[in-house]
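Numbering-wise (UniProt numbering), the sequence shown opens with residue 1 and increments by one. Below you'll find the structure, written out as structure tokens, and then a few comments.
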Amino acid sequence: MKKENKVRNPAIILSLSSRFAKEYHKYLCEFQKIHTIDEIQESKELTVIQRAFWTALIIEIGKLFDTYDGNKEVISLKKMPSFENCTWKKKIDSIHGEAVICKIISTRKTFTAHFSEEDEGVISVTEICDSKLGKLLKDLDQPLAEFNYWLRNQGNESGATKYL
Numbered sequence: 001m002k003k004e005n006k007v008r009n010p011a012i013i014l015s016l017s018s019r020f021a022k023e024y025h026k027y028l029c030e031f032q033k034i035h036t037i038d039e040i041q042e043s044k045e046l047t048v049i050q051r052a053f054w055t056a057l058i059i060e061i062g063k064l065f066d067t068y069d070g071n072k073e074v075i076s077l078k079k080m081p082s083f084e085n086c087t088w089k090k091k092i093d094s095i096h097g098e099a100v101i102c103k104i105i106s107t108r109k110t111f112t113a114h115f116s117e118e119d120e121g122v123i124s125v126t127e128i129c130d131s132k133l134g135k136l137l138k139d140l141d142q143p144l145a146e147f148n149y150w151l152r153n154q155g156n157e158s159g160a161t162k163y164l
């Protein structure tokens, strides 16, 4: 029996990743407001909770803006099919270019997958919560909605039907 190759739907995957990133950001920043740095560092439980939200947020941002160029196709906002003068592509490129997103992307593997020998300055919880990351994540709602609409309607003509 031949195994059927299933293809993930980018509209679903990206919407979920965006939702999770917003939730992790919200919880991480609320957690930081409730607890001092000293309280967190002195408590194993608080450290684990903060680290879980922090890591999960960084992973979701990585998924959203992945530009993996290897031999494996990935689903990300940067790899979405688009056409010239596409409004959602311009907005996504603008958000991707923001300093907080760039820092998360450039240091995420050092933080979540392994420790680099060089101290690359992983983005801190304070930097994340003091940044406009929450607004940037909310700003993804419109381009994601436009992409989802395109995928359902015009996507059929462009070969995007494999996702439907």
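No residue lacks a Cβ here, since even glycine has one placed at the ideal position from N, Cα and C. Keep in mind the model is a prediction, meaning the values are calculated, not measured.
For residue i, which residues of its own chain have a beta-carbon under 6 Å away from its beta-carbon, when the five flanking residues on both sides are left out?
i	result
Leu140	Ser18
Ile104	Ile58, Ile61 and Ile123
Lys162	Residue placement at Lys162 is flagged as unreliable, the pLDDT there being 49, under the threshold of 50; a coordinate-derived value is accordingly withheld.
Glu4	none
Phe20	Glu60
Ala56	Tyr24
Ser131	Val100
So residue i and residue j are in contact, right, with Cβ under 8 Å, and what is the actual spacing, rounded?
i	j	result
Ile49	Phe31	7 Å
Lys78	Thr67	5 Å
Leu28	Cys129	7 Å
Pro10	Ile75	5 Å
residue 230	Ser15	Lying outside 1 to 164, the shown extent of the chain, residue 230 is not represented and no answer is given.
His25	Gly121	Rounded, the Cβ-Cβ distance is 20 Å, inconsistent with contact.
Would residue i count as contacting chain D if we go by Cβ distances under 7 Å?
i	result
Lys79	Any reference to chain D falls outside this structure, which holds one protein chain only.
Give me, in chain order, the residues of the same chain whose beta-carbon lies closer than 7 Å to that of residue i; leave out the 5 immediate sequence neighbours on both sides.
i	result
Ile95	Ile101, Leu136, Asp139 and Leu140
His35	Leu46
Glu146	Thr87 and Trp88
Trp54	Leu28 and Val125
Which same chain residues, not among the five before or five after residue i, have their C-beta less than 8 Å away from its C-beta?
i	result
Glu39	Leu46
Lys22	Gly134, Leu137 and Lys138
Asn148	Ala11 and Ser15
Glu127	Val100 and Lys103
>> Which runs of the alpha helix (DSSP H) at least 4 residues long sit entirely within the region 46–112? Give them in chain order.
In response: 87–96 and 99–112
> Residue ranges of each alpha helix (DSSP H) run of no fewer than 4 residues wholly in the region 5–52, ordered along the chain?
Replying inline: 10–34 and 37–42
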